[in-house]
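Student: Residue numbers (this note's numbering): 2 to 274. For each residue, glycine too, the CB sits at the ideal point set by N, CA and C.
1. For residue 212, which three-state DSSP category applies?
2. For residue 109, which three-state DSSP category applies?
3. Can you look up residue 277 in the DSSP assignment and give me helix, strand or coil?
4. Alpha carbon to alpha carbon, what distance is there between residue 195 and residue 130?
5. Could you tell me the alpha carbon to alpha carbon distance between residue 101 and residue 144, rounded to whole angstroms?
6. Can at least three beta-carbon pairs, one atom from the region 255 to 263 and one from the region 19 to 36, be found at a separation below 8 angstroms?
7. Rounded to a whole number of angstroms, what is the C-alpha to C-alpha distance between residue 307 and residue 73?
8. In the structure shown, what three-state DSSP assignment does residue 40 receive?
9. Could you please give me the residues that DSSP links to residue 136 through a beta bridge?
10. Can you give the Cα-Cα distance for residue 184 and residue 81, rounded to whole angstroms?
11. How would you write the range of the alpha helix (DSSP H) that residue 55 sits in, first residue to last?
12. Only counting runs of 3 or more residues, tell me where the beta strand (DSSP E) segments fall wholly within the region 59 to 108, in order along the chain.
13. Give a yes or no on whether the C-beta atoms belonging to residue 239 and residue 207 are separated by under 7 angstroms.
14. Tell me where the alpha helix (DSSP H) around residue 11 begins and ends.
15. Let me know the secondary structure DSSP gives residue 48 once reduced to three states.
16. Evaluate residue 4 with the Cβ neighbour count: other Cβ atoms within 10 Å of its Cβ, from every protein chain shown; 16 or more gives buried, anything less gives exposed.
17. According to DSSP, what are the bridge partners of residue 141?
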């Protein structure tokens with residue numbers, strides 16, 4: 002049976018362990034891998050995850066080319082669906098988004114906290130509107146970042162404003178945007194009241210170590226199981242524990258299949274896997 006982890010991170014060998022150590026100290030988190038591509042593949046094999054989405058974060062516009070090059074290398078593995086990244090201060094976002102798509106990558110990742118830009122800023126709206134034109138999926142870090150909790154650049158209210166600017170009075174036939182960490186990390190009352198029912202996916206990366214199962218089920222039922230994506234945020238979460246958590250939820254096997262792989266298959270337009 003397929004299983005797709007929709008939210009993982011890998012870094013080039015030369016910087017992986019140092020980068021993970023710095024982030025672990027900043028966020029007071031325990032990593033479950035060393036950030037290398039080999040570590041991700043090993044964890045996938047151990048935990049029965051057949052495919053993973055890798056998500057880079059561009060923290061400086063000058064990183065575009067090097068991050069694109071590494072993502073293309075990762076994407077050569079048949080079990081990996083690699084995304085590209087782009088910075089809101091990119092001087093030519095339309096050109097670079099087209100380059101990401103033409104390189105065979107599956108979408109882009111935005112991280113408003115690391116990129117120090119509010120998600121409803123015109124620079125992000127320009128990027129997102131172009132993604133809609135290209136039908137290019139977008140994963141957005143949403144809610145609190147435990148390593149940088151001082152300012153939340155992607156709150157539920159700002160997400161609503163973002164969606165209004167992108168879609169206006171229309172509603173997309175199928176969601177293209179993925180709000181990571183359950184819609185907005187550690188802001189779940191607002192997720193329930195403001196975001197459930199909006200034309201977006203929620204991935205459930207990182208949150209399963211602390212969210213109450215009853216609260217997660219409220220979100221799933223209100224938002225619709227067809228809009229939920231299994232994800233771990235590896236190496237920042239234990240895939241075995243996350244899989245067990247989902248399997249304990251009061252869901253039918255058909256609903257679990259949607260979360261574990263079918264919804265991802267739909268979003269990424271994958272053939273049978």
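Tutor: Working from what's here:
1. Here the question's residue 212 lines up with position 211 in the chain shown. Under the three-state reduction of DSSP output, residue 212 falls in the coil class, being neither helix nor strand.
2. The residue you call residue 109 lines up with position 108 of the chain shown. Reduced to three states, the DSSP call for residue 109 is strand.
3. The question about residue 277 has no answer, for the chain in this structure spans 2 to 274.
4. Here residue 130 refers to the residue found at position 129 of the chain shown. Here residue 195 refers to the residue found at position 194 of the chain shown. So the two alpha carbons sit approximately 22 angstroms from each other.
5. Position 100 of the chain shown, counted from the start, is the residue given in the question as residue 101. Position 143 of the chain shown, counted from the start, is the residue given in the question as residue 144. Near 26 angstroms, if we compare the C-alpha coordinates of residue 144 and residue 101.
6. Remark: fewer than three beta-carbon pairs, one from each stretch, lie closer than 8 angstroms, so the region 255 to 263 and the region 19 to 36 are not flagged as touching.
7. As shown, the chain starts at 2 and ends at 274. That puts residue 307 outside it, with no answer to give.
8. Against the chain shown, residue 40 aligns to sequence position 39. DSSP places residue 40 in the helix class (H, G or I) of the three-state scheme.
9. The residue given as residue 136 occupies position 135 in the chain shown. None; residue 136 has no bridge partner.
10. Mapped onto the chain shown, residue 184 falls at position 183. Mapped onto the chain shown, residue 81 falls at position 80. It is roughly 24 angstroms from the alpha-carbon of residue 184 to the alpha-carbon of residue 81.
11. Counted from its first residue, the chain shown places residue 55 at position 54. For residue 55, there is no enclosing alpha helix (DSSP H); the enclosing beta strand (DSSP E) covers residues 52 to 55.
12. Qualifying beta strand (DSSP E) stretches, in chain order: 81 to 83.
13. Position 238 of the chain shown, counting from 1, holds the residue named residue 239. Position 206 of the chain shown, counting from 1, holds the residue named residue 207. The criterion of a C-beta distance shorter than 7 angstroms is not satisfied by residue 239 and residue 207.
14. Mapped onto the chain shown, residue 11 falls at position 10. Residue 11 -> no alpha helix (DSSP H), and no H or E assigned at all.
15. Residue 48 sits at position 47 when you count from the first residue of the chain shown. Residue 48 sits in a helix when the DSSP states are folded into three classes.
16. Within the chain shown, residue 4 is the residue found at index 3, counting from 1. The residue in question, residue 4, is buried, as its Cβ has 16 or more Cβ neighbours within 10 Å.
17. Along the chain shown, one-based indexing puts residue 141 at 140. According to the DSSP secondary-structure assignment, residue 141 is paired through a beta bridge with 111 and 180.
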